[in-house]
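Below is one structure; the comments refer to it alone.
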Amino acid sequence: MKKSVPRNKECCRMQELRELQDYLMDKCQITKPIATTFKSVQCGRASYHTRKITMPIWIFDYSTEYQWCYMIHEVLHFILWDKMQYGGHGDVFKNWERNLLKEFGLSVTYKKAYIKTLNSSYNGDSYKML
Ligand SMILES: [Zn+2]
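This note's numbering applies: residue 8 is where the sequence shown begins, and numbers increase by one.
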């Protein structure tokens, strides 16, 4: 039988993603603050200049794993920028993304720059990324 994940209120889930952001920054020793906001936008973005992450609120219609994956992706842009002025979605980005996701029990396949499928080792579920 398939267990459904209980849904928290949206604000709690935003808080959870901000905590994930803090965790990733601590782990990678990123000290310059990043401000994350959740908005009704089509896709997320990371602005190196203003140090702002904009996350689309539609991600809350998807699984927790998908939300983590999205947050990790945006924060990773800052991690690589701060560490080595690396921008974009090249091989360095993908390798880091793959390793960070592994820590959360997630594995991915890529289609060009973006993740095509996300697999969770917790429940064996496979999610299609948009
Ligand atoms: Zn990106």
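Here a beta-carbon is modelled for each residue, glycine too, at the ideal position from N, C-alpha and C.
Kindly list the residues whose CB is nearer than 6 Å to the CB of D89, restricted to its own chain and excluding five residues on each side of it in sequence; keep chain order. Residue numbering aside, residue 89 sits at position 82 when the sequence shown is read from its first letter. For D89, where only same-chain residues beyond five positions count, the Cβ hits under 6 Å are I37.
Assuming V115 is part of the beta strand (DSSP E), what are its boundary residues? As a working note, residue 115 is residue 108 in the sequence shown. 113 to 118 is the extent of the beta strand (DSSP E) around V115.
Exposed or buried, what is K123 when buried is set at 16 or more other beta-carbons lying within 10 Å of its beta-carbon? As a first step, residue 123 must be located in the sequence shown, where it is residue number 116. Flag for K123 reads exposed.
For the structure I just gave you, are there three or more beta carbon pairs, one from the stretch 97 to 104 and one from the stretch 47 to 65, closer than 8 Å? A contact is defined here as three or more CB-CB pairs under 8 Å, and the stretch 97 to 104 fails this definition with respect to the stretch 47 to 65.
Suppose the cutoff is 7 Å on Cβ atoms and the five residues either side in sequence are ignored; what does the same chain contact list for M21 look like? Locating residue 21 in the sequence shown gives position 14, where the first residue counts as 1. Once the five neighbours on either side are set aside, the close Cβ partners of M21 are F45.
Could you check what DSSP says for I41 in three-state terms: helix, strand or coil? The residue labelled residue 41 in the question sits at position 34 within the sequence shown. Under the three-state reduction of DSSP, I41 is assigned to coil, being neither helix nor strand.
For R58, the three-state DSSP class (helix, strand or coil): Translated into the one-based positions of the sequence shown, residue 58 becomes position 51. Note: R58 maps to coil in three-state DSSP.
Can you tell me which residues form a DSSP beta bridge with R20? In the sequence shown, residue 20 corresponds to position 13, counting from 1. Beta bridge pairing from DSSP links R20 with no other residue.
Specify whether the stretch 79 to 95 and the stretch 25 to 35 touch according to this definition: at least 3 beta carbon pairs, one from each stretch, less than 8 Å apart. Segments in contact, yes.
If we ignore side chains and look at the alpha-carbon of each, how far apart do E110 and Y77 end up? As a working note, residue 110 is residue 103 in the sequence shown. As a working note, residue 77 is residue 70 in the sequence shown. Rounded to whole angstroms, E110 and Y77 show a C-alpha spacing of 15 Å.
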